[in-house]
Ligand SMILES: [Zn+2]
């Protein structure tokens, strides 16, 4: 069975001020984004369509 290349997401353990989200592409590019608790809340609100 062949492995399909895919993005691999990882995150540091949440701290009081957020956590670091890293997304690794199979080609070697790594995206990093610091997610604050406020970002997470906005994403959640967006996900449930409340804003
Ligand atoms: Zn890539």
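Numbering (my numbering), first residue to last: 51 to 101. All residues carry an ideal CB built from backbone N, CA and C; glycine is no exception.
| CA-to-CA distance, residue 58 to residue 90, given in whole angstroms | 19 Å
| query | Can a CB atom of chain D be found closer than 8 Å to the CB of residue 96? | reply | No chain D appears in this structure, which consists of one protein chain only.
| said: Rounded to whole angstroms, what is the Cα-Cα separation between residue 74 and residue 84? | reply: Their Cα atoms are separated by approximately 15 Å.
| Which listed residue (92, 86, 67 and 77) has its alpha carbon closest to that of residue 103 | Nothing can be reported for residue 103, as the shown portion of the chain is limited to 51 through 101.
| message | Rounding to the nearest angstrom, what Cα-Cα distance links residue 64 and residue 98 in this structure? | response | Spanning the two alpha carbons is a distance of roughly 22 Å.
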